[in-house]
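**Student:**
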Amino acid sequence: MTDITNNGPDNDASLDELGNDSGHPSGDESSRRPDQNWLYERTNAAIAADPELVKLRLKPLNRFNTDVTGRAEFIKIYYGISCECSTAAVLSVEASADKTREEFQEALPALLGNLQLQAVGFRRMDCDSHLQMRIQNLPTAR
Numbered sequence: 242m243t244d245i246t247n248n249g250p251d252n253d254a255s256l257d258e259l260g261n262d263s264g265h266p267s268g269d270e271s272s273r274r275p276d277q278n279w280l281y282e283r284t285n286a287a288i289a290a291d292p293e294l295v296k297l298r299l300k301p302l303n304r305f306n307t308d309v310t311g312r313a314e315f316i317k318i319y320y321g322i323s324c325e326c327s328t329a330a331v332l333s334v335e336a337s338a339d340k341t342r343e344e345f346q347e348a349l350p351a352l353l354g355n356l357q358l359q360a361v362g363f364r365r366m367d368c369d370s371h372l373q374m375r376i377q378n379l380p381t382a383r
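So the sequence shown is numbered by the working numbering: it starts at 242 and just counts up by one.
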C-alpha cells in the first residue's frame, strides 16, 4: 500500500516517533495499525502452517488492490484460486483499517475461516458450473 505520509525509513520521522493514532509514541508493535503488506505476511504464514489451507493452493495476489484513494475503511487482501478447467476466481478477506495488529492477530482465525469457505465453495463446484459462471460473465453483444 502506498505510504502517503512520506514517513518511510529514509525520512526523519520513524513510526515509533510519530506515535499511534492517539498521538502518543508507540514502542509496542502490537498496537500499530496493520497495512496490506503486513496483513499478507501474517495471513500467508498462517496459511502455510495449516495443511488444510495449503491443499487449497491459494495464490496471494499482493499487487491486486482496489483501493485507489488510500483512505479505505477496510484493508482487503486477495487470493487467486483456479481449477483444471481453466476457471479462476479472486477471493478476498478484509480487516477494519482502525484495528491494531494485535486485534488483527486475534481475528485471523475467523478471516482464515472465511477464506477457506470461499475456496472450498469454489473447489466443490464441478467444471460445468465453472463453465456456466464464465459464460454468464461474458459481455453480451448489443
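Just so it is clear, CB atoms sit at the ideal spot from N, CA and C, and this is done for glycine as well.
Report the residue from 373, 287, 274 and 276 whose alpha carbon sits nearest the alpha carbon of residue 327.
**Tutor:** Checked all of 373, 287, 274 and 276; the closest Cα to residue 327 is 373.
**Student:** CB residue 360 to CB residue 322, shorter than 8 Å?
**Tutor:** It is a contact, given that the beta carbons lie within the stated cut-off.
**Student:** State the Cα-Cα distance for the pair residue 375 and residue 357, rounded to the nearest angstrom.
**Tutor:** Distance between the alpha carbons of residue 375 and residue 357: 22 Å.
**Student:** Quick one: using the 10 Å Cβ neighbour count with 16 as the cut-off for buried, is residue 377 buried or exposed?
**Tutor:** Result: exposed.
**Student:** Once the 5 residues before and after residue 338 are set aside, which same chain residues still bring their CB inside 8 Å of it?
**Tutor:** 274, 313, 314, 315 and 316.
**Student:** Would you kindly report the start and end of the unbroken alpha helix (DSSP H) that includes residue 363?
**Tutor:** Where residue 363 is concerned, the enclosing alpha helix (DSSP H) stretches over 342 to 365.
**Student:** Taking C-alpha atoms, which residue in 340, 380 and 354 lies nearest to residue 294?
**Tutor:** Ranking 340, 380 and 354 by Cα distance to residue 294 puts 354 first.
**Student:** Cβ-heavy atom distance between residue 296 and the ligand SAH below 7 Å?
**Tutor:** With respect to the ligand SAH, the structure shown offers nothing to examine, as it has no ligands at all.
**Student:** Taking the Cβ atom as the reference point for each residue, do residue 399 and residue 331 lie within a distance shorter than 8 Å?
**Tutor:** Since the first and last residues shown for the chain are 242 and 383, residue 399 lies out of range.
**Student:** Between which residues of its own chain and residue 384 is the CB-CB distance below 6 Å, once the five residues before and five after are set aside?
**Tutor:** The first residue shown for the chain is 242 and the last is 383, placing residue 384 beyond what the model contains.
**Student:** Count the other CB atoms, across all protein chains shown, that sit within 10 Å of the CB of residue 336; report buried if there are 16 or more and exposed otherwise.
**Tutor:** The residue in question, residue 336, is buried, as its Cβ has 16 or more Cβ neighbours within 10 Å.
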